[in-house]
Amino acid sequence: MTAMIELESVSKRFMKRLDVAEKLFNLMGGDVREQTVHAVDKVSLAIAEGEVVGLVGESGCGKSTLGRVIAGIHPSSDGTVRFKGHDIEKMSHAEAKEWALQVQMIFQDPMSSLNPRLRVRDIIGEAPAFHGLVKSNELDDYVDDMMLRVGLDPSFRRRFPHQFSGGQRQRIGIARALAVKPAFLVCDEAIAALDVSIQAQVINLFMRLRAELGLTYLFISHDLGVVEHLSERVVIMYLGRVVEIAGTEELFARPNHPYTVALLGEVPRIDRRGQTFVPIKGEIPSPINPPSGCHFHPRCPHAMERCRVEQPMLREIAPGRYSACHLNDQS
Amino acid sequence: MASNTPTLLVEDLKTYFYTKAGVAKAVDGVSFSVAKGEVLGLVGESGSGKTVTGFSIIGLVDPPGKVAGGRILFNGEDITGASEERMRRLRGSRIAMIFQDPMMTLNPVLRIDTQMIEAVQAHDKVDRKTAFERSRDALGQVGIPSPEERLKAYPHQFSGGMRQRVAIAIALLHKPDLIIADEPTTALDVTIQGQILYEVQKLCRERGMSLIWITHDLAVVAGLADAICVMYAGRIVETGAIAQVIDQPLHPYTHGLIGSVPSHNRRGQPLAQIPGMAPSLLNMPQGCAFHPRCPRADAKCLEIPGVTTPRQPDHRVRCFHPHAGAAA
Ligand SMILES: Nc1ncnc2c1ncn2[C@@H]1O[C@H](COP(=O)(O)OP(=O)(O)OP(=O)(O)O)[C@@H](O)[C@H]1O
Ligand SMILES: Nc1ncnc2c1ncn2[C@@H]1O[C@H](COP(=O)(O)OP(=O)(O)O)[C@@H](O)[C@H]1O
Ligand code: SF4
Ligand code: SF4
Ligand SMILES: [Mg+2]
Ligand SMILES: [Mg+2]
Chain A
5 MTAMIELESV
15 SKRFMKRLDV
25 AEKLFNLMGG
35 DVREQTVHAV
45 DKVSLAIAEG
55 EVVGLVGESG
65 CGKSTLGRVI
75 AGIHPSSDGT
85 VRFKGHDIEK
95 MSHAEAKEWA
105 LQVQMIFQDP
115 MSSLNPRLRV
125 RDIIGEAPAF
135 HGLVKSNELD
145 DYVDDMMLRV
155 GLDPSFRRRF
165 PHQFSGGQRQ
175 RIGIARALAV
185 KPAFLVCDEA
195 IAALDVSIQA
205 QVINLFMRLR
215 AELGLTYLFI
225 SHDLGVVEHL
235 SERVVIMYLG
245 RVVEIAGTEE
255 LFARPNHPYT
265 VALLGEVPRI
275 DRRGQTFVPI
285 KGEIPSPINP
295 PSGCHFHPRC
305 PHAMERCRVE
315 QPMLREIAPG
325 RYSACHLNDQ
335 S
Chain B
2 MASNTPTLLV
12 EDLKTYFYTK
22 AGVAKAVDGV
32 SFSVAKGEVL
42 GLVGESGSGK
52 TVTGFSIIGL
62 VDPPGKVAGG
72 RILFNGEDIT
82 GASEERMRRL
92 RGSRIAMIFQ
102 DPMMTLNPVL
112 RIDTQMIEAV
122 QAHDKVDRKT
132 AFERSRDALG
142 QVGIPSPEER
152 LKAYPHQFSG
162 GMRQRVAIAI
172 ALLHKPDLII
182 ADEPTTALDV
192 TIQGQILYEV
202 QKLCRERGMS
212 LIWITHDLAV
222 VAGLADAICV
232 MYAGRIVETG
242 AIAQVIDQPL
252 HPYTHGLIGS
262 VPSHNRRGQP
272 LAQIPGMAPS
282 LLNMPQGCAF
292 HPRCPRADAK
302 CLEIPGVTTP
312 RQPDHRVRCF
322 HPHAGAAA
């Protein structure tokens with residue numbers, strides 16, 4: 005099977021922006037400078053057609069950045085991205101356009117990603133009309149179809165985004181993405197901002213659309229329960245690097261990387277009672293100045309001398325299972 | 002004071018917002034109690050009235066909002082209409098609140114030591130040195146490494162998780178009897194959330210501190226709390242011990258919530274979903290506020306259900322047709 009998307013040693017670097025506390029501090033005469041962030045550091049990854057891959061990691065580890073590179077929103081700083089076998093840097097104009105339409109991103113905050121001045125009909129219909137995917141006399145029917153598909157009443161088509169609930173707005177965002185007939189959806193924390201009782205509705209919608217349209221998904225989430233529920237394969241990131249890739253069942257049953265082990269141990273679960281919480285020690289280190297060798301070594305209970313100096317490479321430890329930890333060299 | 006006096010007793014609390022568009026009954030007849038050393042989880046979706054309940058207890062409801070009815074007893078003392086002076090004495094010393102955003106507690110332009118020493122001296126007449134030592138110990142207690150050094154830092158030099166821990170340390174400075182924590186870990190990562198849950202749990206176990214943990218995350222509450230109150234549209238619809246409510250939910254809303262959480266054994270299958278969405282406070286359905294979304298609703302539900310205890314005396318529900326108690 006051809007890979008839908010293939011990354012080879014892809015990196016993305018940024019100049020770090022200042023956060024609110026830092027800006028306030030500077031306003032009061034402080035001096036906090038901007039620095040380079042290695043948001044994504046030599047990531048290689050392939051996602052097959054029709055696959056659902058979950059991407060997990062702590063805040064700031066580079067999940068959204070990786071998702072944006074894949075969706076073509078950010079150019080990568082280094083490395084090769086291939087869409088259906090074609091290097092995106094060497095694509096013809098027509099191929100690049102196909103890529104832009106076939107890969108759609110769905111964001112966390114449905115409100116800020118929808119133009120508040122457009123009616124739902126125009127939000128959903130604009131792109132397919134512009135790209136000539138639908139004839140103008142068929143556009144209204146097409147929009148109605150899209151709305152029905154995501155469970156929105158087409159009689160709401162003249163409303164504005166603010167006239168909908170959070171869950172409905174997320175459906176509008178999904179309908180807008182589907183309207184250009186994509187093959188691949190990158191969902192970045194797409195249910196995180198929704199109420200608990202609404203999350204299940206949207207999760208079910210994603211699963212139904214996959215069955216109906218044969219979509220491929222990259223599902224970015226910090227909620228391990230949701231990732232476990234939806235994904236066939238899971239990718240774990242730590243400070244810009246992929247540290248483990250495994251089939252979902254395998255990963256949750258037998259995590260290999262010490263970071264994955266710790267992460268799974270932290271998840272509150274509804275079937276755990278009187279849980280005694282045992283924390284991973286230490287803070288998430290800064291991606292501006294990451295620890296040497298294995299980035300996880302200051303927090304790792306198994307860290308050895310070698311971990312401080314030598315970066316463990318992501319390698320196949322069993323068929324289809326990858327991990328980046330020196331412990332795998334010892335057996 | 003009898004030892005069985007609960008740390009907090011809330012009876013029929015009503016907090017209303019008198020807005021131009023009408024009266025929003027954000028909290029409408031809420032009753033619960035928290036015993037010494039007990040952890041109570043207050044769960045509900047956004048807008049259900051959790052934060053307003055917390056603000057009502059510490060006396061921070063601002064106009065157009067107002068506590069319109071009911072009683073709040075803290076260690077047996079009625080603080081419902083207490084003077085601002087009395088509430089200021091209690092806040093930060095006997096009752097503390099931790100907010101979702103730690104910058105609600107922290108001042109971005111002051112060093113942590115300045116802020117903490119000030120917080121100590123606001124309630125205790127001690128010298129700077131003692132205040133400094135107490136601040137340092139409090140930071141150590143919430144797991145901040147090299148606290149003496151970190152005290153000299155400004156808030157922006159900490160990560161989000163560290164800032165939240167500083168805010169918790171400030172809340173703990175006077176060893177309060179009650180902490181109200183309003184979604185303090187919602188914005189944090191699981192690993193950092195785990196660290197904070199660990200510290201807070203230790204304090205309740207070791208010090209007999211009472212805790213109200215406000216969240217929309219049932220899974221966190223299941224692991225942390227002793228008892229749980231489930232709120233919907235300004236009312237508590239179900240309350241009881243964790244095992245009672247989570248293993249044998251009575252209310253259709255609780256039932257739906259639990260069924261909608263992804264779990265191990267139903268991987269890849271459609272989740273049970275609650276149809277529709279929460280009502281607006283200004284446009285509440287008649288009778289049971291849940292009826293437009295409830296699979297068990299009938300004509301009776303156009304009246305407001307009272308509190309009943311169909312299974313066990315301390316497992317209360319507001320519903321005409323509660324579940325028999327099969328697991329969700
Ligand atoms: N446009 C940008 N300019 C500067 N720095 C950025 C930019 N976008 C991301 N970063 C930095 O890159 C790193 C990775 O960010 P990214 O948003 O990919 O993280 P994430 O894993 O999605 O985190 P979260 O779980 O919080 O969404 C962070 O340190 C972030 O501050
Ligand atoms: N200052 C205010 N003016 C009017 N309505 C308010 C105000 N503060 C809160 N409310 C309303 O009270 C209800 C409960 O809010 P809140 O307690 O913050 O909910 P949550 O359960 O999410 O913490 C919401 O409908 C909210 O809109
Ligand atoms: S390489 Fe070393 S520090 Fe890194 S995860 Fe493995 S054992 Fe731990
Ligand atoms: S009172 Fe009626 S509508 Fe309300 S929860 Fe119970 S069965 Fe449902
Ligand atoms: Mg992100
Ligand atoms: Mg709130």
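Note that the protein sequences, when read in sequence, are chains A and B.
Counting in the numbering used here, the first sequence runs from 5 upward without gaps.
Counting in the numbering used here, the second sequence runs from 2 upward without gaps.
Yeah, the Cβ is synthetic: ideal placement off N, Cα and C, and Gly gets one too.
Reduced DSSP secondary structure (H/G/I, E/B, other) of residue i
{"i": "V124(A)", "result": "helix"}
{"i": "D248(B)", "result": "helix"}
{"i": "M163(B)", "result": "helix"}
{"i": "C205(B)", "result": "helix"}
{"i": "A327(B)", "result": "Its pLDDT being 47, under 50, A327(B) is placed unreliably in this model, and the coordinates cannot settle the point."}
{"i": "C191(A)", "result": "strand"}
{"i": "S48(A)", "result": "strand"}
{"i": "Y155(B)", "result": "coil"}
{"i": "E239(B)", "result": "strand"}
{"i": "M95(A)", "result": "coil"}
{"i": "T6(A)", "result": "coil"}
{"i": "G58(A)", "result": "strand"}
{"i": "M105(B)", "result": "helix"}
{"i": "L111(B)", "result": "coil"}
{"i": "T84(A)", "result": "strand"}
{"i": "Q108(A)", "result": "strand"}
{"i": "H322(B)", "result": "coil"}
{"i": "D13(B)", "result": "strand"}
{"i": "V24(B)", "result": "strand"}
{"i": "M285(B)", "result": "coil"}
{"i": "D138(B)", "result": "helix"}
{"i": "A223(B)", "result": "helix"}
{"i": "T192(B)", "result": "helix"}
Counted within 10 angstroms of its Cβ, other Cβ atoms place residue i as buried (16 or more) or exposed
{"i": "N260(A)", "result": "buried"}
{"i": "I74(A)", "result": "buried"}
{"i": "R310(A)", "result": "exposed"}
{"i": "R87(B)", "result": "exposed"}
{"i": "M2(B)", "result": "Reliability of the predicted coordinates at M2(B) is poor, the pLDDT of 47 falling under 50, and no value is obtained from them."}
{"i": "T252(A)", "result": "buried"}
{"i": "G276(B)", "result": "One detail in the question is off: residue 276(B) reads as Pro in this sequence, not Gly. Result: exposed."}
{"i": "T60(B)", "result": "Looking at the sequence itself, residue 60(B) is Gly, so the reference to Thr does not match. Classification for G60(B): buried."}
{"i": "R319(B)", "result": "buried"}
{"i": "F87(A)", "result": "buried"}
{"i": "K16(A)", "result": "buried"}
{"i": "P314(B)", "result": "exposed"}
{"i": "K21(B)", "result": "exposed"}
{"i": "D79(B)", "result": "exposed"}
{"i": "P305(A)", "result": "exposed"}
{"i": "A325(B)", "result": "exposed"}
Please identify, using Cβ separations under 7 Å, the residues of the region 166-191 of chain A that lie next to chain B, in order along the chain.
S169 and G171
For a minimum of 4 consecutive residues, which ranges assigned as the alpha helix (DSSP H) are wholly contained in the region 248-282 of chain B?
253-260
What residues from the region 229-260 of chain A come within 7 Å of chain B, judged by C-beta to C-beta, listed N to C?
G229, V230, E232 and H233
The region 133-141 of chain B / the region 162-174 of chain B touching (three or more Cβ pairs under 8 Å)
yes
Complete beta strand (DSSP E) runs within the region 29-83 of chain B (minimum length 3 residues, chain order):
40-44 and 66-75
Check whether the region 157-168 of chain A touches the region 182-192 of chain A, counting contact only when three or more Cβ pairs, one atom from each stretch, lie closer than 8 Å.
no
Closer than 8 Å is the cut-off here; do at least three beta carbon pairs connect the region 36-50 of chain A with the region 7-14 of chain A?
yes
Do the region 27-39 of chain B and the region 8-17 of chain B touch if we need at least three Cβ pairs shorter than 8 Å?
yes
Which residues, in chain order, does the region 253-276 of chain B contribute to contact with chain A at a C-beta distance below 9 Å?
Y254, G257, L258, I259, G260, S261, V262, P263, S264, H265, R267, R268, G269, Q270, P271, L272, A273, Q274, I275 and P276
Would the region 233-248 of chain B and the region 58-77 of chain B be scored as touching if the rule is three or more Cβ pairs under 8 Å?
no
Any beta strand (DSSP E) of 3 or more consecutive residues that is wholly inside the region 195-267 of chain A
220-224, 237-242 and 245-251
Does the pairing of the region 239-256 of chain A with the region 319-327 of chain A give three or more beta-carbon distances under 8 Å?
yes
If contact means a Cβ-Cβ distance below 8 Å, which residues of the region 19-51 of chain A contact chain B?
D23, V24, A25, E26, L28, F29, M32, G34 and V36
Touch check for the region 155-166 of chain B and the region 185-201 of chain B: three-plus C-beta pairs under 8 Å?
yes
Cβ contact (3+ pairs, closer than 8 Å) linking the region 51-60 of chain A and the region 232-246 of chain A
yes
Residues of the region 128-147 of chain A whose Cβ lies closer than 9 Å to any Cβ of chain B, in chain order
none
So, do the region 299-307 of chain B and the region 245-260 of chain B have three or more beta carbon pairs nearer to each other than 8 Å?
no
For the region 94-116 of chain B, enumerate the residues whose C-beta is nearer than 9 Å to any C-beta of chain A, in chain order.
M104, L107, P109 and V110
Decide yes or no for the touch test of the region 33-44 of chain B against the region 200-209 of chain B: beta carbon pairs closer than 8 Å, at least 3 of them.
yes
Counting Cβ pairs closer than 8 Å, one from the region 288-301 of chain A and one from the region 34-42 of chain A, do we hit at least three?
yes
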